[in-house]
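Participant: Protein chains in written order, with my numbering: chain A, 7 to 141; chain B, 7 to 141; chain C, 7 to 141.
#1: Restricting to runs no shorter than 4 residues, where is the alpha helix (DSSP H) found entirely within the segment 34-113 of chain B?
#2: Chain B partners of residue 109 of chain C, CB-CB under 9 Å?
#3: Between the C-alpha atoms of residue 1 of chain C and residue 12 of chain A, what's the straight-line distance to the nearest angstrom?
#4: Quick one: give me the first and last residue of the beta strand (DSSP E) that residue 14 of chain A is part of.
#5: Using the Cα positions of residue 30 of chain A and residue 137 of chain B, report the straight-line distance between them to the nearest angstrom.
#6: Checking 9 Å against the spacing of the C-beta atoms, do residue 107 of chain A and residue 8 of chain C come in under that value?
#7: With H, G and I counted as helix, E and B as strand and the rest as coil, what does DSSP make of residue 115 of chain C?
#8: Which two residues bound the contiguous beta strand (DSSP E) that contains residue 139 of chain B?
#9: Do residue 82 of chain B and residue 65 of chain C count as a contact pair if the criterion is CB distance below 9 Å?
#10: What residues of chain A sit near residue 51 of chain C, judged by a beta carbon separation below 9 Å?
#11: Closer than 6 Å by C-beta to residue 1 of chain A: which residues in its own chain qualify, once you throw out the five before and the five after it? Chain order, please.
#12: Residue 121 of chain C and residue 45 of chain C - do their beta-carbons sit closer together than 9 Å?
#13: Run through chain C and tell me which residues come within less than 7 Å of residue 101 of chain A, C-beta to C-beta.
#14: Tell me whether the beta-carbon of residue 50 of chain C lies closer than 9 Å to the beta-carbon of residue 105 of chain C.
#15: Say whether chain A places a C-beta atom closer than 9 Å to the C-beta of residue 69 of chain B.
#16: Can you tell me the Cβ-Cβ gap for residue 15 of chain C and residue 133 of chain C, rounded? I've got them flagged as a contact below 8 Å.
#17: Going along the segment 74-92 of chain C in order, which residues come within less than 7 Å of chain A, judged by CB to CB distance?
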């Protein structure tokens, strides 16, 4: 079974959507199995990371911005904005496909884990996820 | 169901194989579900990225070559050629396992997405993929 | 079907667990399909890499340590130890979710591939994996 999930990202950074995802699992009435997320974009990625301390998320974003800065003289693809080529590289370093186990109707995340959209572009962005459920 | 797909890579860089993959989906006669790709190598990876503008692919390759250059004094594993250890690192930064939803017989990729073999070694390479199909 | 697998990591680095995983496949009596691994942590990751030459593993670890060093002035998240924020970043560059095909009761790895826990923290750590089996 495949479901759609739409997310809104307000600027670059880590946007947690664990509650929306858990709600989608409940709506699909899925008890046990695997939920595979697929992000249909090339300038944002999916990440499971700590959702307890916001400083972790800020440091992750700052570190990646420094590793893949805007305005690098290496880029030849500059026509779509200074944040576009860095966003493609950041997406390539991450993943757009992620499989999460479901046990007894709940995402079987670890104690400190949350599920995030890592938006790599500026501005307001509508991002589309496909959720595949397997028993 | 598991199928084999063989790819030929002519040197390092991003080699799109979306058409071959879509053909494999058609040959498996798979209508809806999930296709999980598994690459049986340690010096090449799988990537979903933009297939519209070739400059994106060139910049991705150039950026990764700069991050993980040949001839780094850090490498002790040098017996298999100067491109071997960088290829292992590049593979570790990427992924060799990737799940793609199938809807109505088609890979449900986003508008700008293509599926690529990211070859990290020089020369002609034969690369083997396993495709697992789930309903 | 979901099974648990617990691993012990003795310090940071690559810890192969292909034999334990193959044993879990045998215990599940799974003949053909897909085994999806899910690591329930935010400071360790999963990697498929070469298990033939130990120098590859040492170089991978040394390279990542250099890219994401401890004590970087960028980090604001320092309360949980100097190895904590680097561990989150290293995990974000890797993956915690990995799907491996099974053929005839065996993990269908490539000739040179092994499955590793990439521990990113110091000290002794107990790490929990969930294994999902699909036909």
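We put the CB at the ideal spot given by N, CA and C, even for glycine.
Facilitator: The relevant details are as follows:
#1: 60-73, 90-99
#2: Near residue 109 of chain C (Cβ distances below 9 Å), the residues of chain B are 8, 136.
#3: No information on residue 1 of chain C is available, as it lies outside the stretch 7 to 141 that chain C covers here.
#4: 8-16
#5: 27 Å
#6: yes
#7: coil
#8: Unbroken beta strand (DSSP E) run through residue 139 of chain B: 130-140.
#9: yes
#10: By Cβ distance, chain A contributes nothing, its closest Cβ being about 10 Å from residue 51 of chain C, past 9 Å.
#11: Residue 1 of chain A falls outside the range modelled here, since chain A spans only 7 to 141, and no answer is possible.
#12: no
#13: 101
#14: no
#15: yes
#16: That belief holds up - the Cβ atoms of residue 15 of chain C and residue 133 of chain C are roughly 6 Å apart, short of 8 Å.
#17: 80, 81, 82, 83, 91
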